[in-house]
Amino acid sequence: MKKLWAIALLSVLLLSCQAESQEEKAAKEAFEANSKTVLANLKGWQNENLDYSMYAPDFVMLSTEFGAEKDSVSLEEMKVYDKEMWNTFDFRLVTDPPTLLPGVNSDTRKMDGSVRHYSEWEVTLPATDSTEARSGRIKLYESFDFNPEGKIIYQQAYGDFSGIMMYLMQN
């Protein structure tokens, strides 16, 4: 009888390990697919032609800058902001390619297919008739969460945005 219980217990243990392995495998596959989306996103931002179809319609970006009037922005608001930034500045990803890291579910602490990265960007205010070009570098931490269809649903970026803007815009 003890042998039967031992076999049953080992079987349950083996099956639970296999189920977890399937979950981990799915999370790793999602991370790999979503990493390609993030790299395309960074390239699109740098080239000023971001493909917004990689975003879900219900996308939200956390507003992390000092004194933000709203805690988040919608996809449509982000498109306007992106255009304003591209009309004013040039961007170059210095950390190319960036190291992409898997994110985790904040409740379970298990990989969930989200992607994060640390990177450094060079931001340039182009020269005008009366001013020389001015450049500075900013280090960023950025994370992207995805829906089951592989679309970005949540994005946040942390860096000293106020500092670099003040530096670039000073006379």
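When you line the sequence shown up against mature numbering (1 follows the signal peptide of the UniProt record, and there is no 0), it's residues -21 to -1, 1 to 150, in that order.
Just so it is clear, CB atoms sit at the ideal spot from N, CA and C, and this is done for glycine as well.
Listed as beta-bridge partners of residue 120 by DSSP are 97, 137.
The shortest C-alpha to C-alpha distance from residue 13 to any of 114, 96, 111 is the one to 96. The C-alpha of residue 91 lies about 8 Å from the C-alpha of residue 81. In the three-state reduction of the DSSP assignment, residue 16 falls in the helix class, which pools H, G and I. Per DSSP, residue 59 lies in no beta strand (DSSP E) segment; the continuous alpha helix (DSSP H) that holds it begins and ends at 54 to 67. The distance from the Cβ of residue 76 to that of residue 29 is about 17 Å, inconsistent with a contact at the 8 Å cut-off. Around the beta carbon of residue 134, 16 or more other beta carbons sit within 10 angstroms, so the residue counts as buried. For residue 38, the uninterrupted beta strand (DSSP E) segment begins and ends at 34 to 41.
By alpha-carbon distance to residue 120, the top candidate from 145, 41, 69, 150 is 41.
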